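Worksheet: one structure, shown below.
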Amino acid sequence: MDFTLSEEAEAIFDMARAFGAEHIAPNARKWEADGTIPKDLWSRFAELGFGGLYVRERSGGAGLSRLEATLIFEALSMACPSVAAFLSIHNMCAAMIDKFGSEQMRAELLPKIVGLECFMSYCLTEPGSGSDAAALKTRAARDNAGYVLNGTKAFISGGGYSDGYIVMARTGEDGPRGISALVVMDGVPGLSFGGLEDKMGWRSQPTRQVQFDDCRVGADALLGEEGAGFRYAMAGLDGGRLNIAACSLGGAQAALDATLAYMGERRAFGQTIDQFQALQFRLADMEIELQAARVFLRQAAWKLDQGAPDATKFCAMAKKFVTEAGSRIADQCLQLHGGYGYLADYGVEKLVRDLRVHQILEGTNEIMRLIVARQMLVAR
Numbered sequence: 010m011d012f013t014l015s016e017e018a019e020a021i022f023d024m025a026r027a028f029g030a031e032h033i034a035p036n037a038r039k040w041e042a043d044g045t046i047p048k049d050l051w052s053r054f055a056e057l058g059f060g061g062l063y064v065r066e067r068s069g070g071a072g073l074s075r076l077e078a079t080l081i082f083e084a085l086s087m088a089c090p091s092v093a094a095f096l097s098i099h100n101m102c103a104a105m106i107d108k109f110g111s112e113q114m115r116a117e118l119l120p121k122i123v124g125l126e127c128f129m130s131y132c133l134t135e136p137g138s139g140s141d142a143a144a145l146k147t148r149a150a151r152d153n154a155g156y157v158l159n160g161t162k163a164f165i166s167g168g169g170y171s172d173g174y175i176v177m178a179r180t181g182e183d184g185p186r187g188i189s190a191l192v193v194m195d196g197v198p199g200l201s202f203g204g205l206e207d208k209m210g211w212r213s214q215p216t217r218q219v220q221f222d223d224c225r226v227g228a229d230a231l232l233g234e235e236g237a238g239f240r241y242a243m244a245g246l247d248g249g250r251l252n253i254a255a256c257s258l259g260g261a262q263a264a265l266d267a268t269l270a271y272m273g274e275r276r277a278f279g280q281t282i283d284q285f286q287a288l289q290f291r292l293a294d295m296e297i298e299l300q301a302a303r304v305f306l307r308q309a310a311w312k313l314d315q316g317a318p319d320a321t322k323f324c325a326m327a328k329k330f331v332t333e334a335g336s337r338i339a340d341q342c343l344q345l346h347g348g349y350g351y352l353a354d355y356g357v358e359k360l361v362r363d364l365r366v367h368q369i370l371e372g373t374n375e376i377m378r379l380i381v382a383r384q385m386l387v388a389r
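Quick note on numbering: the sequence shown equals residues 10 to 389 in this note's numbering.
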């Protein structure tokens, strides 16, 4: 068993980390204060091929594996988890259109999406349906001209900012089989947005409700088959869970790196605090947990790439384990900074805030436990 990354994978990680250090990290606090990310950043990402990471090469994408993609999100999150996670959402949408879209849809949309001229958001969650996603109420009524959407989506990253939205809406019966996916472009009559949400973390991502009031789209807006939307959504979430775990991993690594540097400079009782054995034990515990999380995440990504029958279970387990480990490590790093950790200047408190939501989105960690337990019971 070889745990060594290929030279190409190492180069991908190094490229993403260098980009983040140069273009993201110096601006992360300002973007957080502004509550938005300048759109000219995306054109720089596009130059690296980051607008269609796992879109097939024949569709104009980079054609990377899920493992390689996790390396990119880990590296970018060392600069800012909020920016990295936002890019992850766009890439999930791009992959769904590449995999399930019609030839016409792919031809019309993918060049702009991959080139990040068209930034995409994902609309599944509603005010009354979070973990119970199949209970969504947004409806897309079919008529001779296409579909008419009515309903509200909640907690949408990029709401009012993005150029297009993949919307899960009910076209048929109650339950998962009545849900379809539609692509709704910005500017369509009947599409509007709520106020900017005031969040704990991910503050550089503009988050709003997305509202549909007799919002009409053509029949060609249907993504894939009618009634298959929920299946598409769940398939996309396996990769999304890996990406959000990678964002936790990168954020925790950044916190630990900053803490090691700080402890080598901070003096107390006549010596730098990294010389106290009790604090060395805490450093060791964080390093052990971080390395365990990294191996677990990469195993899950490998299983998804290989199409292993237990890939969904491993993606759920990795998401739960890595996101919780990331938050614990960041919190401990803040503690080891003492009062300075509570100040924005040191960057650790932002990481604590940004990483906390990773235990909630892409399926809560409680739902991850349910997925694991149910597969265990089926297999016994």
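Even glycine gets a Cβ: it sits at the ideal position worked out from N, Cα and C.
Here the structure is a predicted model, which means the values were calculated and not measured.
Counting every other CB atom within 10 Å of its CB across the protein chains shown gives ARG26 a total of 16 or more, marking it as buried. ALA317 and ARG307 have their C-alpha atoms spaced approximately 14 Å apart. Counting only runs of at least 3 residues, the segment 67 to 115 fully encloses no beta strand (DSSP E) element at all.
Around the C-beta of ILE297, fewer than 16 other C-beta atoms lie within 10 Å, and the residue is accordingly described as exposed. In this structure, ALA190 lies away from TYR271, with their beta-carbon atoms at least 7 Å apart. The alpha-carbon of GLY227 is positioned some 48 Å away from that of THR13.
Restricting attention to LEU299, MET385, ARG225, the CA atom closest to the CA of ASN153 is found in ARG225. For the pair of segments examined, the segment 206 to 225 was found not to touch the segment 323 to 338: the number of CB pairs separated by less than 8 Å stays below three. Rounded to whole angstroms, the Cβ separation of GLY184 and ALA150 is 18 Å, and the two are not in contact under 8 Å. ASP222 and PHE95 have their alpha carbons spaced roughly 26 Å apart. Collapsing the DSSP output to three states places PHE290 in a helix. Ranked by Cα distance from GLY44, the first of ALA30, SER68, VAL92, ALA88 is VAL92. In the structure shown, GLY279 adopts coil according to DSSP, grouped into three states.
Taking C-beta atoms under 8 Å as the contact rule, ALA88 and ILE33 qualify, at a distance of about 4 Å. Here VAL64 carries a coil assignment [DSSP, helix/strand/coil]. Note on PRO136: under 16 other CB atoms within 10 angstroms of its CB, so exposed under the neighbour-count rule.
Of ILE175, LEU158, GLY173, the smallest CA-CA separation from GLY181 is found for LEU158. With a cut-off of 8 Å on Cβ pairs, the segment 256 to 270 is in contact with the segment 360 to 373, counting three or more such pairs.
For LEU158, the enclosing beta strand (DSSP E) has its first and last residue at 155 to 166.
At a Cβ-Cβ threshold of 7 Å, SER97 and ILE376 do not count as neighbours.
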